[in-house]
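What follows is a short report on a single structure.
Residue numbers (UniProt numbering): 1 to 244.
Below, the structure is given as structure tokens:
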């Protein structure tokens, strides 16, 4: 029987920086290389208790943004001059809003296959550690400027959550055909079945047998409306006179 719980599935890539259940597979699909995945990840974790009181479950799902771009025909914003220029302003505003402060690494962007494969393995074998590793990947890349595409830097990120033996096990597993195929399958599913064209990508179940996609770190008020969750929408403070 299909589940009719409210759920947010959040699909995120950590590098290119869902009773009622909100599955982030946020489902949130996420990547460490996406700063906007970082913002969404932080926001959802900070608000998890409030979501749980509304019967909403959040699930994070590692996905490969490069594969999503190729599969959907999308282009990274930094490849388009106008978007690249605008992102300087947008990034600064987003950091202020979500309470972060960091600079873009000189080596950005990275090929995020290694961290995403490590995250895929951990989700399969050690799911209770997945969010800790996501946090470690985000911090390692965006705050410490470690290139997680390099094995020695990925090892450093892993050692924040796992012991040395476990870290080596995860790095070795990331090179296996099983894990490579698993990440590829999730990415393909996000593109072909869920319509993903970027990250973070959310697949949100309303608890009534319906589900819809949401994209980006600034669509949470739309999600809450869709899930019929009480929330305070954007509003101006103080007296407002005149008409628009």
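Glycine included, each C-beta is placed from N, C-alpha and C at the ideal position. These numbers were taken from a predicted model, which means no experiment stands behind them.
Query                                                                                                                                                                   : Result
Determine, using beta-carbon pairs with one atom in the region 180–192 and one in the region 149–167, whether at least three such pairs fall under 8 Å.                 : no
Restricting to runs no shorter than 3 residues, where is the beta strand (DSSP E) found entirely within the region 147–207?                                             : 201–206
How would you call residue 224, buried or exposed, if buried means at least 16 neighbouring beta carbons within 10 angstroms?                                           : buried
Could you give the distance in angstroms between the alpha-carbon of residue 83 and the alpha-carbon of residue 165?                                                    : 43 Å
Nearest CA to the CA of residue 201: which residue from 124, 41, 6?                                                                                                     : 41
Quick one: is residue 50 buried, meaning 16 or more other Cβ sit within 10 Å of its Cβ, or exposed?                                                                     : exposed
For residue 19, I'd like the list of residues in its chain whose CB is within less than 7 Å of its CB, leaving aside the five on either flank, ordered along the chain. : Here the model assigns residue 19 a pLDDT of 34, short of 50, so the residue's position is not dependable and the matter cannot be decided.
Below 8 Å, how does it come out for the region 135–144 and the region 63–75: are there three or more Cβ pairs, yes or no?                                               : no
Residue 58 to residue 135, Cα distance in whole Å?                                                                                                                      : 15 Å
Would residue 78 be called buried (16 or more neighbouring beta carbons within 10 Å of its own) or exposed?                                                             : exposed
Using 10 angstroms around the beta-carbon of residue 234, count the other beta-carbons present and answer buried if the total reaches 16, otherwise exposed.            : exposed
Got a sec? Which residues, its chain only, sit under 7 Å from residue 226 by beta carbon, not counting five neighbours each side?                                       : 204, 206, 212
Answer yes or no: do residue 61 and residue 139 have a C-beta to C-beta separation smaller than 8 Å?                                                                    : no
By the three-class DSSP mapping on this structure, what secondary structure does residue 35 have?                                                                       : helix
Looking at the structure shown, is residue 215 part of a helix, part of a strand, or coil, going by DSSP?                                                               : strand
Beta-carbon within less than 8 Å of residue 99's beta-carbon, same chain only, minus the 5 sequence neighbours each way: which residues are those?                      : 42
Around the C-beta of residue 70, are 16 or more other C-beta atoms found within 10 angstroms, so that it is buried, or is it exposed?                                   : exposed
Please report the distance separating the alpha-carbon of residue 110 from that of residue 89.                                                                          : 22 Å
Report the rounded CA-to-CA distance for residue 85 versus residue 231, giving the unit in angstroms.                                                                   : 33 Å
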